[in-house]
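Residues 5 to 301 (the working numbering) make up the sequence shown, in order. The beta carbon of each residue, even a glycine, is placed where N, CA and C say it ideally should be. As structure tokens, the structure follows; a few thoughts come after it.
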Amino acid sequence: MYAVIDIGTNSVRLLLAEYRNGRVERLSKEIAVTRLGEGIAQDPVLRPTAMERTVAAIAGFKVKAEASGAHLIGVFGTSALRGAPNRGDFIALTKKECGCHVEVISGAEEATLGFVGAFGMTGGGALLDVGGGSTELSVGQSGVLSAAVSVPIGAVRLRDIGIGPGRIGKAARQHMLDVIDGMIAGFDGIVTEGGVLTGIGGTATTLASVDLEMKNYDPERIEGYELPLEKVARITDRLSGMTLTQKKQLPGLMPQRADIIAGGMWIVRRVMERKGFESLRVSESDNLEGYLLRKIF
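Structure below.
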């Protein structure tokens, strides 16, 4: 059994999995919302309290992995750590408290790992990963990437630039769209064929779980769930008009994501609209599985 820990801008995640018959078989995934990247839109320096709660989550996940008999093959960090001038302090603290090294991966590598995790070594298509601090779009066929781009926009960054946790008013919405469109212009050079866009990460899975009104999260129902663009737009508009309290009570929405989720959904929607995608297919397999495959091979 293998274990992988992913340190994101918004959360820390643990994957326990086995590798059989040429594929990753996921046994469990756990998440802890720690907001390592809080405030990074204004100041990329990681805050001491954010580092402490993130390291505590990593330590807890490492204990769980060891108790399960899993071999921890890697701990990796993404957007918040990429841009933090004090990331060395975080890496040193993690080494001291948890006894493990944190590998900080590039944006292009994050896009690649997400592609491999979702499609495996032989599949392909177009893949979108909306995170807390960055968004990746990758395209390829038969396990071979033709393009993989990461842009510094995500659900936490949108909140930090002033997109409030509650209802998004007309002026705030226009400001948000201007920011999103400016950032995802970085995807303009990626050629896509429209059709189906595969989505990974918390924003995509939340779109599915909200549409399913899922009181208890079920990854088997999420895997492969498809939402047409019209439904993505309706859900986005609905959440944009809700108060924070209303969002926290919404079936299918993890309360800890309530203050940032509408912004993440708007990123998905704008990418679909600008790149001509008709529907979003959600994948439970993502860069955690991709990282595991990279380490195995």
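Distance between residue j and residue i (C-alpha atoms, nearest Å)
i	j	result
E101	V16	16 Å
F191	A71	42 Å
S283	L231	5 Å
E227	R242	23 Å
R161	V108	19 Å
E234	T240	10 Å
E224	V236	20 Å
R278	A152	17 Å
I95	N291	20 Å
I265	T207	7 Å
M180	K99	38 Å
D133	R261	16 Å
E56	V37	13 Å
T53	P259	21 Å
T221	D263	In the sequence under discussion, the amino acid at residue 221 is Tyr, which differs from the Thr named in the question. So the two alpha carbons sit approximately 19 Å from each other.
G26	A122	14 Å
G64	T58	10 Å
T13	G267	15 Å
R24	F301	13 Å
K252	S138	24 Å
L97	R91	10 Å
E197	E42	36 Å
T209	V120	18 Å
Cβ shell of residue i (< 6 Å), same chain only, five flanking positions each side left out
i	result
I35	S15 and R17
G170	T247 and L248
V79	I9, C104 and V106
K66	C102
I11	G81
M187	V155 and I157
A115	E140, S142, A152 and S154
E288	P223, I226 and E227
Backbone secondary structure at residue i - three-state DSSP
i	result
L248	helix
V200	strand
Q145	strand
V28	strand
V37	strand
F301	coil
M187	helix
V59	helix
A266	helix
E70	helix
R51	coil
G43	coil
M258	coil
Proximity test, residue i beta-carbon vs the ligand FAD heavy atom, cut-off 6 Å
i	result
G26	Among the ligands in the structure shown, none appear at all, so the ligand FAD cannot be discussed.
Residues bridged to residue i (per DSSP)
i	result
E230	R285
D222	The partner list for D222 (beta bridge, DSSP) is empty, contrary to what the question assumes.
D10	R17 and F80
H75	Y6
Y23	V28
Any C-beta of chain D under 7 Å from that of residue i
i	result
G103	Absence of chain D from the displayed structure is noted, only one protein chain being present.
Cutoff 7 Å; reference residue i; Cβ partners in own chain excluding five residues on either side
i	result
P255	E217, M218 and K219
A69	A7, L18, L20 and L76
Q145	G128
I184	I157, W270, I271 and R274
G199	F281 and E282
A61	V16, A36 and T38
G205	D133, V134, G135 and D290
Q46	D164
G118	L131, D133, E140, S142, I204, D290, N291 and G294
P48	G87, A88 and P89
G245	R171
8 Å Cβ shell around residue i - same chain, five flanking residues per side excluded
i	result
E22	M5, Y6, V28, E29 and L31
S110	R86 and S154
L211	G203, L231, V236, I239, M269, V272, L284 and V286
T126	S146 and G147
D93	L50 and M55
Item checked: Contained alpha helix (DSSP H) runs [length at least 4] in the stretch 105 to 167, N- to C-terminal order -> 111 to 123 and 159 to 164
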